[in-house]
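Residues in the sequence shown are numbered from 1 upward in steps of one, following the working numbering. Even for Gly, the Cβ is constructed at its ideal location relative to N, Cα and C.
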Amino acid sequence: MAESYEVLAMLIPNGGYVQYGKEYEGIQFLECEPITKAQFEAGFAKYDTWKVEQETQATAAKATAEAKLLALGLTTDDIKALGL
Numbered sequence: 001m002a003e004s005y006e007v008l009a010m011l012i013p014n015g016g017y018v019q020y021g022k023e024y025e026g027i028q029f030l031e032c033e034p035i036t037k038a039q040f041e042a043g044f045a046k047y048d049t050w051k052v053e054q055e056t057q058a059t060a061a062k063a064t065a066e067a068k069l070l071a072l073g074l075t076t077d078d079i080k081a082l083g084l
């Protein structure tokens, strides 16, 4: 199950809040649009699916970048040396 800080990061990716504890009442919205308690609670149900989507997108982006580098003439060893 997702932690409250993970749900907040999903719902408010640019930050702008401070969280004290794990409950909605412990969130202070400083430089962001506040979310409702209902949105926060619903985020727990959505988090796992969102996380899988993010990981899938990152994997696809990495594969695309590697393919482009290979097309430019880099070897797989070159790509590994770049940390990809």
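State the DSSP-derived secondary structure class of Ile35, mapped to helix, strand or coil.
Sequence index remark: in the sequence shown, residue 35 carries index 35 (1-based). Residue state, collapsed to three classes: coil.
Please classify Val52: is it buried, with 16 or more other beta-carbons within 10 angstroms of its beta-carbon, or exposed?
Position 52 of the sequence shown holds residue 52. Val52 comes out exposed.
Please classify Leu8: is it buried, with 16 or more other beta-carbons within 10 angstroms of its beta-carbon, or exposed?
If you number the sequence shown from 1, residue 8 lands on position 8. So Leu8 counts as buried.
Within 10 angstroms of the Cβ of Gly21, are there 16 or more other Cβ atoms? Answer buried if so, exposed if not.
By 1-based counting over the sequence shown, the position of residue 21 is 21. So Gly21 counts as exposed.
Can you round the beta-carbon distance between Lys68 and Leu84 to whole angstroms, since I take them to be within the 8 Å contact cut?
Your numbering for residue 68 matches position 68 in the sequence shown. Your numbering for residue 84 matches position 84 in the sequence shown. Actually they do not touch by this definition, with Cβ atoms about 11 Å apart.
What is the DSSP secondary structure of Ile12, counted as helix, strand or coil?
What you label residue 12 is simply residue 12 of the sequence shown in a count that begins at 1. Ile12: coil per DSSP, three-state reduction.
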